[in-house]
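Only one structure is covered here, and it is reproduced in the block below.
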Ligand SMILES: Cc1ncc(C[n+]2csc(CCOP(=O)(O)OP(=O)(O)O)c2C)c(N)n1
Ligand SMILES: [Mg+2]
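Numbering (this note's numbering), first residue to last: 1496 to 2190.
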């Protein structure tokens, strides 16, 4: 059928017309941008069409509807598929208060501006830029990882909020994924965790197109995916032709009927379906088709060869009659039910409201009391565990867990009713991620975009394993919480394989991430208050294994200064300090000891505690000058980590006590002495700084 000749088209013809519209929009946008991947959207168009039009419970007029089915495009390079769907389904733009507007999330002008500066159609889908995009995808494997978090959230929300006769939450999570998603280690972790948790609300549609960027997938991928997923405990079904809508619908119905495990639908497809290229040779994969091939492809589809961005009459209307009408009706029914639910359960409704707005309940900080001074003190992982347990009682939607180190990370929620999240007990608040840091990061993000304040914990050194997810949380502007203990060589005997060196510098270099390394139990309390209030930034909380003195705050400044990122903890008795010692975490008390020694020797020192560079940086110039006066250039930073970046605060003439190599396996006292983290070293460095910077 030729689109331009259409009279009244119905049924199959209309399906084909819609599918080819998705394809040609992707082709034209990529061609116009002269950049992007047309092949995957062309191959997957029927899959997305069938899913959205026939199955997805989604109201395009309100993409923030609480109980909407979630759709994740894990192979984010196929972004034009998603943009075409958002446009054709008529998904609305949402304002900063989560209110839907009249405007489309992706109007046609934005499709024409694919991959251009400031457009809502960046190269890969970005949830903070484009309404209707549930999560940012692009690094392969992250999206399927997020989908596991979303499915966990769905189960947790249902277990905690549904009441007899009131199914507030019963949404499903669908992810389309590609060979890359399944090859990536994180994809395997995600599938393993989802299978263990029996997340029956999770469906992955695997684009089995036998091709990757370099060439045939068989060059590097030959395992039996179906068998692998059956081994993970998934239900596996197959669609042998991506263009067969009936077969796709049958497979999706199998998913809906499967109540005891997640479902993988393996869809055999042809990348760039309809293009005259021999795709097994993989030419032009990941590139625009080129003018001539665009014409030939359109001819194959029965499309006017010269038409660009053509949306034939009837296509958008057809989407309105399908996903639009179904979503509107489902949403309206749900809203009626939810209104009654809210009347009967005002507390729960209020909770959901706050969660959506990323706000905290009244009394969120109650019982977050100060720790008494104690020279022997307590490890910050210990004090953090106590604070977290209090905070989580005040904020019922803080949930999380550790990658098999909960007893070391001290992250177990131990209070009455906290419970474990396991198959059959989906109301539990303690997650067991297993030894899967990578998917812990991605699923924490998936939970956070679902309204939950989720945390994930491991040893600081293993933050590297989940770096991509931390980065995406920062990019997505979401308040994920990452807890890292065993923060330095101070962990001792486990040695250099476990001792972080460059991790602090790396995370501090990341835009929009708040890194906090509190110096004692009371800074831990303040750090958690900061974290709780974050709305659009993730946090990395970096904690010690070893005990630290709880400073006497009647003698030294209040830990409330933590809120400013850095503050004067101990100061020169009078006048300008002769030298400034700047420390973080476990080195704050070392600085204090050095300060006392210098004081006894008649030297007027100042100690600045700097738990968060990022927060200190955003203070006004006057405050920063009050903490680090420009006229005092004799400065020493003390941190058991790479010194990379400390010149920012100590200046080019300052001195840096830090790590210049990997650590060593030995008892902590030997390690600290060997690497020079002693009062004597700090005092000596302070004297050198003073000599080199005579005032
Ligand atoms: C973690 C990660 N590594 C590499 C890439 C770059 N990349 C984009 S698409 C792609 C491979 C595409 O193969 P496949 O996943 O089978 O998708 P298809 O080309 O079939 O759509 C690669 C390597 C990426 N996006 N993410
Ligand atoms: Mg592929």
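Built from N, CA and C at the ideal position, the CB exists for glycine as well.
query                                                                                                                            : result
Beta-ladder partner(s) of residue 1917, from DSSP                                                                                : 1920
Closest Cα partner of residue 2026 within the set 1713, 1570, 2116 and 1882                                                      : 1882
From 2013, 1833, 1694 and 1639, residue whose alpha carbon lies closest to that of residue 1919                                  : 1694
heavy atom of ligand 1 below 7 Å from residue 1706 C-beta                                                                        : yes
Boundaries of the alpha helix (DSSP H) in which residue 1814 is found, first to last residue                                     : 1810-1814
Proximity to residue 1845 [Cα-Cα], best of 1580, 1984, 1656 and 2059                                                             : 1656
Sequence-distant residues of the same chain with beta carbon closer than 8 Å to residue 1552, five excluded per side             : 1562, 1563, 1564, 1666, 1667, 1821, 1822 and 1825
Unbroken alpha helix (DSSP H) run spanning residue 1678, endpoints                                                               : 1674-1678
Cut-off 6 Å between Cβ atoms - residues of its own chain near residue 1621, not counting five sequence neighbours on either side : 1631
Buried or exposed by the 16-neighbour rule on C-beta atoms within 10 Å, applied to residue 1786                                  : exposed
Runs of alpha helix (DSSP H) wholly within the segment 1969-2048 (minimum 4 residues, chain order)                               : 1998-2003 and 2016-2028
DSSP three-state assignment for residue 2078, whether helix, strand or coil                                                      : strand
Length at least 3, wholly inside the segment 1751-1798: the beta strand (DSSP E) runs in chain order                             : 1758-1763
Residue 1729 in three-state terms, based on DSSP                                                                                 : coil
6 Å Cβ shell around residue 2138 - same chain, five flanking residues per side excluded                                          : 2151 and 2153
Meets three-Cβ-pair contact criterion under 8 Å: the segment 2056-2068 and the segment 1882-1893                                 : no
CB contact flag (residue 2044, residue 1872, <8 Å)                                                                               : yes
beta-carbon residue 1521 near ligand 1 non-hydrogen atom, thresh 7 Å                                                             : no
Every unbroken beta strand (DSSP E) within the segment 1551-1638, with a cutoff of 3 residues, ordered by chain                  : 1565-1568, 1587-1589 and 1595-1599
Heavy atom of ligand 2 within 7 Å of residue 1763 beta-carbon                                                                    : no
Test item: CB-CB of residue 1830 and residue 1989 under 8 Å                                                                      : no
6 Å CB neighbourhood of residue 1682 in its chain, flanking five on each side removed                                            : 1636, 1639 and 1676
Whole-number beta carbon distance between residue 1583 and residue 1522, since they are thought to touch under 8 Å               : Contact doesn't hold; Cβ gap of about 15 Å is too wide.
With 16 other Cβ atoms within 10 Å as the buried cut-off, status of residue 1534                                                 : buried
Neighbour-count burial assignment, residue 1838, 16 or more Cβ in a 10 Å radius                                                  : exposed
CB of residue 1581 within 8 Å of CB of residue 1556, strictly                                                                    : no
N-terminal and C-terminal residue of the beta strand (DSSP E) that residue 2141 is part of                                       : Segment: none, residue 2141 is in no beta strand (DSSP E) and carries neither H nor E.
Same chain only: Cβ atoms within 8 Å of residue 1501, ignoring 5 sequence neighbours per side                                    : With a pLDDT of 47 at residue 1501, under the threshold of 50, the modelled position of that residue is not reliable, and the figure given next carries that caveat. The residues are 1512, 1807, 1808 and 1809.
Segment contact flag, the segment 2106-2116 with the segment 2058-2078, C-beta cutoff 8 Å, min 3 pairs                           : yes
Coil, strand or helix - residue 2153 by DSSP                                                                                     : strand
Limits of the unbroken beta strand (DSSP E) element including residue 1951                                                       : 1948-1954
Chain D within 8 Å of residue 1865, Cβ atoms only                                                                                : Chain labels in this structure do not include chain D; a single protein chain is all it has.
Beta-carbon proximity check, residue 1905 vs residue 1876, cutoff 8 Å                                                            : yes
Cβ pair residue 1984, residue 2034 closer than 8 Å                                                                               : no
Cβ pair count under 8 Å reaching 3, the segment 2163-2183 against the segment 2131-2146                                          : yes
Beta-carbon proximity list for residue 1968, same chain, < 6 Å, skipping 5 on both sides                                         : 1940, 1975 and 2033
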